[in-house]
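Take the position in the sequence shown, starting the count at 1, then add 392; the result is the number in the working numbering.
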Amino acid sequence: MYGLFYRSNGRLSLAQVLSNSNRSIAQDLATSYLDLFSGLGLNVQNARLFNPFGVKLFSTEDEQIKRKVPKECSFTVSYLINSCGLSPKIAKSVAERVKLQSSKQPDSVLQFLKNRGFNGSQIAKLVRVRPQLLFAHPERSLLPKIEFLNSIGATDAELADVCSSIPAILGQSLENKTVSPKLAFLKDLGMPEANFALILSCYPPIVLQRQDKFDGNVKKVIKMGFNPQKCEFVHAMQVFSSIGQSTLECKLDVLRRWGWSDEDIKLAFRKCPIYMTASKTKLVSVFNFLVNKMGLQPSAIAHVPSAFMYSLERRIIPRCSVIRVLLSKGLINEENKICLSSLVINSNKHFLDTFVTKYQDHVPQLLNIFHGKMTIGELGLEFEPQSVMKNCSA
């Protein structure tokens, strides 16, 4: 179904000069007009080019959603759409959780957010996830949280990004003893203010966990040699705050079964703590490919633990496939084999320029292999241990 949306560009259209009763007639005529297009087997969207009514056409799926909304929710839905930027479908869903009686209070909240640098998209994300904020008192409830976050080094622009991504932050009593002592303690350890923004935007569990667990994790991370002034300290804290001890032990068991020593485990964790957040399935899959298909020693992978954070199917296998093809064609020799670190860490552009574009005249299929649209099996090749990468610790 299609309907009418009156133009607002200053041009006087037929629909604008019709009375309310006659506008409904115009709508009926437009509907018949579109039905005619459809009946002739023509693309309905082309009706825009020949519209005799001087109006803009649009899908009325949103209007149908509005008509299905109970009357008691209609004001809430309209407000969420017109003032908060939500789509009708999402607005209807949100209206099942909150009911607005007037626009006075939510208007004050929205104005407060705009004054603090929130844009329309950020406000929409915030309201969609935490619509209860529309009932908050800006000065008594929201302002203290914003000022507290400002006091630990977060700018308004950073707060807008953080709060729209993690709306729960504005729902937490950040200025009370739940969070404040933890942040103060980290600051005393020498943590720079920039890392507080990293914690609040990406890793809030660090400061939302129980005090005793927080204290224990800080001691553990410091004992492992992490510097509170570096981002790796935050990453290590996130691992221990988000992974239970039993899950951690299971992952350590996987690493040991694939040949990692305790020193390998410590080395990998110091280099890239967040590799431990990869699932057990991901750990096994990467080990299986790199050890059994590529011929790498397990200890070599410990030097590049970030390999566990990349997609095996979309990044590692296609890149290894490109190198395998180049070796089989003699376009690069044994001395040109690359280390795992170079293969997984270099950007797509760098890898593309170095190993794909340069040789595409010789092997036209390289681009498809690079993008994972083609396998080396389709070229009659297969992976051979030690044929693609060399064992190196760099």
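Quick reminder that beta carbons are idealized off the backbone N, C-alpha and C, glycines included.
Can you grab the Cα-Cα spacing for the pair residue i / residue j, in whole Å?
i           : j           : result
residue 746 : residue 767 : 20 Å
residue 489 : residue 526 : 12 Å
residue 772 : residue 724 : 19 Å
residue 670 : residue 748 : 29 Å
residue 718 : residue 679 : 23 Å
residue 763 : residue 712 : 12 Å
residue 515 : residue 587 : 25 Å
residue 646 : residue 482 : 42 Å
residue 694 : residue 615 : 20 Å
residue 648 : residue 642 : 10 Å
residue 610 : residue 740 : 36 Å
residue 535 : residue 546 : 14 Å
residue 510 : residue 540 : 17 Å
residue 743 : residue 687 : 21 Å
residue 551 : residue 581 : 23 Å
residue 673 : residue 665 : 18 Å
residue 500 : residue 487 : 19 Å
residue 797 : residue 537 : Look at the range of the chain in this structure, 393 to 786, and you will see that residue 797 is not part of it.
residue 751 : residue 761 : 13 Å
residue 452 : residue 775 : The pLDDT assigned to residue 452 is 49, lower than 50, so where the model puts this residue is not dependable; a value taken from the coordinates is nonetheless given after this. So the alpha carbons of these two residues sit roughly 54 Å apart.
residue 690 : residue 709 : 17 Å
residue 574 : residue 631 : 17 Å
residue 508 : residue 468 : 24 Å
residue 583 : residue 553 : 21 Å
residue 769 : residue 722 : 18 Å
residue 597 : residue 619 : 20 Å
Identify whether residue i lies in helix, strand or coil by the three-state DSSP scheme.
i           : result
residue 657 : helix
residue 635 : coil
residue 473 : helix
residue 730 : strand
residue 753 : coil
residue 589 : helix
residue 640 : helix
residue 442 : Here the model assigns residue 442 a pLDDT of 42, short of 50, so the residue's position is not dependable and the matter cannot be decided.
residue 664 : coil
residue 693 : helix
residue 705 : helix
residue 770 : helix
residue 737 : helix
residue 629 : helix
residue 747 : helix
residue 647 : helix
residue 675 : helix
residue 776 : coil
residue 561 : helix
I'd like the span of the alpha helix (DSSP H) that includes residue i, first residue to last.
i           : result
residue 670 : Element bounds for residue 670: n/a, residue is neither H nor E.
residue 579 : 572-580
residue 549 : 548-557
residue 699 : That residue, residue 699, is in no alpha helix (DSSP H); it is neither H nor E in DSSP.
residue 603 : 603-615
residue 683 : It is not in any alpha helix (DSSP H) - residue 683 carries neither H nor E in the DSSP assignment.
residue 528 : Where residue 528 is concerned, there is no enclosing alpha helix (DSSP H), given that its DSSP letter is neither H nor E.
residue 712 : 709-720
residue 597 : 597-600
residue 543 : 535-543
residue 741 : 740-743
residue 618 : That residue, residue 618, is in no alpha helix (DSSP H); it is neither H nor E in DSSP.
residue 758 : 758-762
Could you tell me if the beta carbon of residue i falls within a distance shorter than 7 Å of some heavy atom in the ligand PLP?
i           : result
residue 483 : Among the ligands in the structure shown, none appear at all, so the ligand PLP cannot be discussed.
TODO: Take every Cβ of the stretch 622-633, pair it with every Cβ of the stretch 643-657, and state whether three or more of those distances are shorter than 8 Å.
DONE: No, the stretch 622-633 is not in contact with the stretch 643-657.
Task: the stretch 696-710 touching the stretch 729-738, judged by at least three CB pairs closer than 8 Å - done: Under the 8 Å Cβ criterion, the stretch 696-710 counts as touching the stretch 729-738, having at least three qualifying pairs.
Task: At least three beta-carbon pairs within less than 8 Å, the stretch 549-563 to the stretch 590-609 - done: In this structure the stretch 549-563 touches the stretch 590-609; the number of beta carbon pairs closer than 8 Å is three or more.
TODO: Report the residue ranges of all alpha helix (DSSP H) runs contained in full by the stretch 462-526; include only those spanning at least 4 residues, in chain order.
DONE: As far as the stretch 462-526 is concerned, its whole alpha helix (DSSP H) runs of at least 4 residues are 463-474, 480-487, 496-507 and 512-521.
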